[in-house]
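Written out below as structure tokens is the structure these notes cover.
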Amino acid sequence: MTLQSSGAISLANVQTEFGGSNPIGLSEYYRNGDYVPSSATTIPTSGTIQLDDFYGSEAAVILTISTNATNYNVLTSAVAAGFNNSIGGVIHLTINSGVTVNGSSAAAIVTGALHASTTLTITNNGTVSGYTGAVSTTAGQAGSVGGDALDVGGGGTTTVTNNGTFGSGGGGGGIAGIGYTAQWDSDEFVCVTSSGPYTGSPGAAGGLGQAGAAGTHASGVWTGGVGPDQSNNPGACVVRAPTGGGATGYAVKKNGNTVNTSGTFLGTVA
101 MTLQSSGAIS LANVQTEFGG SNPIGLSEYY RNGDYVPSSA TTIPTSGTIQ LDDFYGSEAA
161 VILTISTNAT NYNVLTSAVA AGFNNSIGGV IHLTINSGVT VNGSSAAAIV TGALHASTTL
221 TITNNGTVSG YTGAVSTTAG QAGSVGGDAL DVGGGGTTTV TNNGTFGSGG GGGGIAGIGY
281 TAQWDSDEFV CVTSSGPYTG SPGAAGGLGQ AGAAGTHASG VWTGGVGPDQ SNNPGACVVR
341 APTGGGATGY AVKKNGNTVN TSGTFLGTVA
């Protein structure tokens, strides 16, 4: 809540906004001190301080992503800007138009373990994108799950307003089907290895908020399942069916926290 911009203002009003305990002293509330973040620019960092300095101020840290970023951590950035996570407060994060925030091994944006009393607002005017899952390289394993766009890992209340593009990474493609040709050789059914194995095509990775595609069999691959080998023992000539694509990740992963959203999100919000 923002303090009033005119009229009567008291030490109690300041304490309610910024925290602290009795007895109250104005010297506790210098900007960049224990209670007042750097965003409250009307409040001095030292020297003379008076109640009028607190008109229109709030215990909020203002964060802006103005250039492309990867694996952005809200709490780390907020603490660097003067946020005191031991008491919580308000954080406003804005992603500017034309800016992309990507994930790599983690979510594109991670809130971090915010204090339970924290109110976080995220306004996206650019693109927030989870990473694309890897295409499968092992027979029998599906493509990897896509990365999350936002991982809410702390307490408090988070509100996300999307005015741009906000989506989880697409799932990785499935591996191709693998097999051998099969034919009669004299009096037995054999796998012909001189011209095999045959490999189909791996599935394509999904776009934002989409699962990956399954792999495909190659043209002409024997699809009879398990056949006998040259000793008439079953199991040597196995066609591996194509595996499925990986699932998409979360556009917003709530982790049981209170999260409000507005706008269009590509992927799961849960």
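Using this note's numbering, the letters of the sequence shown correspond one by one to residues 101 to 370. Ideal Cβ positions, reconstructed from N, Cα and C, are used throughout, including at glycine.
From Thr238 to Ser139, what does the alpha carbon distance come to, in whole angstroms? Answer to the nearest angstrom: the Cα atoms are 51 Å apart.
Are the segment 268 to 277 and the segment 229 to 245 touching by the rule of at least three beta carbon pairs closer than 8 Å? Contact holds: three or more Cβ-Cβ distances are below 8 Å.
Span separating the alpha-carbon of Glu158 from that of Gln115: Roughly 11 Å separates the two Cα atoms.
Asn122 to Glu128, Cα distance in whole Å? A direct Cα-to-Cα measurement between Asn122 and Glu128 gives close to 11 Å.
For Val201, the nearest candidate out of Ala311, Phe266 and Asn357 (CA to CA): Minimum Cα distance to Val201 is reached at Phe266.
Buried or exposed (CB count within 10 angstroms, at least 16 for buried), Gly277: Buried: at least 16 other Cβ atoms inside 10 Å.
Taking the straight line between their C-alpha atoms, what separation do you get for Thr259 and Thr299? Near 47 Å, if we compare the C-alpha coordinates of Thr299 and Thr259.
Residue range of the beta strand (DSSP E) that Ala229 falls in? Checking the sequence, you will find Ser at residue 229 rather than Ala. Ser229 -> beta strand (DSSP E) spans Thr227 to Ser229.
Integer-rounded CB distance, given that Leu175 should sit under 8 Å from Thr211: Contact flag correct, Cβ pair sits at about 6 Å.
For Gly264, which residues from the same chain have a beta carbon less than 8 Å from its beta carbon, with the 5 sequence-adjacent residues on both sides left out? Excluding residues within five positions, the ones whose Cβ falls inside 8 Å are Ile195, Ser197, Asn224, Asn225, Gly226, Thr227 and Val228.
Buried versus exposed, by CB contacts within 10 Å (16 or more), Ser204: It counts as exposed.
Please state if the CB of Val252 and the CB of Asn357 are separated by a distance shorter than 8 Å. Cβ atoms of Asn357 and Val252: closer than 8 Å.
Taking Cβ to Cβ, would you say Gly367 is nearer than 8 Å to Ala351? Ala351 sits close to Gly367, with the two beta carbons spaced by under 8 Å.
Within the continuous beta strand (DSSP E) that includes Asn360, where are the two ends? Asn360 -> beta strand (DSSP E) spans Thr358 to Ser362.
Taking only the alpha-carbon atoms, compute the straight-line gap between Ala160 and Thr257 and give it to the nearest angstrom. Distance between the alpha carbons of Ala160 and Thr257: 14 Å.
Could you compute how far the alpha carbon of His317 sits from the alpha carbon of Gly255? Their backbone Cα atoms lie some 48 Å apart in a straight line.
Who are the Cβ neighbours of Ala347 in its own chain at under 6 Å, not counting the five residues just before and after it? Cβ neighbours of Ala347 beyond the five flanking positions: Val245, Gly271 and Ala311.
Thr257 - partner residues in DSSP beta bridges: Bridge partners of Thr257: Thr219 and Thr358.
Exposed or buried, which one is Gly363 when buried takes at least 16 other CB atoms within 10 Å? Exposed.
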